[in-house]
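This report concerns only the one structure given below.
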Amino acid sequence: MGKTFAKPQALSDTPTHYCPGCTHGVIHRLVAEVIDELGIRGRTVGIAPVGCAVLAYNYFNFDFQEAAHGRAPAMATGIKRVRPDLMVFTYQGDGDLASIGMGEIVHAANRGEKFTTIFVNNAIYGMTGGQMAPTTMPKQRTSTSPFGRNVEEVGMPIRMAELLSALVTPGYVVRQTVLKPKYIMKTKKALKQAFTYQMEGKCYSFVEIVSNCPTNWGMTPQESVDWAEETLLDYYKLGEYKTPE
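For the working numbering, add 122 to where a residue sits in the sequence shown, where the first one is 1.
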């Protein structure tokens with residue numbers, strides 16, 4: 123009997139360290155599937171961040187580097203410029219990318235570096251205990267905003283896809299999600315398009331993926347999916363924000 127569903131070759135046999143209900147595992151699988159389908163595993167290099175995906179290199183069967191907090195775009199820039207034949211991507215969370223790494227990502231995108239960024243937005247600092255992030259929603263409670271995010275004090279959540287698409291240079295900017303099966307194939311299509319543009323040497327690509335964080339939101343996995351779909355997707359609109367055509 124033939125198999126209709128199997129583990130991608132680009133994924134390793136590693137027990138997960140992610141919390142129950144976290145969608146990092148789904149995103150990892152999509153990245154691995156795309157890399158396998160494009161036949162680029164032998165020349166792909168990923169950059170792991172500081173955050174929940176700090177151990178991302180354990181889950182993939184290709185080369186990975188570990189970057190200092192927020193500095194993945196700088197490392198990706200160096201690797202891609204020295205070895206333009208490689209397929210390079212950063213895998214970053216909202217604390218890593220939109221806070222300490224904000225300057226790095228904006229300038230890498232504005233320079234039009236020819237690598238791919240995968241940005242996982244779960245509206246909170248996950249690894250360090252659930253603190254308020256630049257993407258935390260108004261009135262959302264976190265360990266550092268127990269009464270909810272006060273936008274009069276800290277401003278509104280930052281929409282990274284919209285911010286980067288306002289720059290002249292970036293070629294492909296898109297936001298999708300993996301909260302439910304109906305969204306997953308659209309996310310895979312966006313990832314495949316981003317890697318394809320890089321294979322063609324065409325442009326910088328930024329794929330934002332809205333995710334959940336049941337543990338730090340203090341919810342069950344199902345409650346977190348429902349809340350994210352009702353709240354996050356209303357503010358972080360899905361779709362393509364910029365294309366190179």
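Backbone N, C-alpha and C define an ideal beta-carbon position, used for all residues, glycine too.
Item                                                                                                           : Value
Residue 317 and residue 231 closer than 8 Å at C-beta                                                          : no
Separation of residue 203 from residue 190, as counted between CA atoms                                        : 19 Å
Contact check, residue 178 vs residue 186, beta carbons under 8 Å                                              : yes
Residue 334 vs residue 248 beta-carbon contact at 8 Å                                                          : no
Entirely enclosed alpha helix (DSSP H) segments - the stretch 171–229, minimum 4 residues                      : 194–204
Whole-angstrom distance between residue 242 and residue 149, CA atom to CA atom                                : 9 Å
Inter-stretch contact (C-beta, 8 Å, three-pair minimum) for the stretch 288–298 and the stretch 348–361        : yes
Alpha carbon of residue 311 to alpha carbon of residue 180, nearest angstrom                                   : 24 Å
Classification of residue 137 by the beta-carbon crowding that lies within 10 angstroms, buried from 16 upward : exposed
8 Å Cβ shell around residue 289 - same chain, five flanking residues per side excluded                         : 228, 231 and 232
Meets three-Cβ-pair contact criterion under 8 Å: the stretch 204–211 and the stretch 247–261                   : no
Bridge partners - residue 330, DSSP secondary structure assignment                                             : 241 and 297
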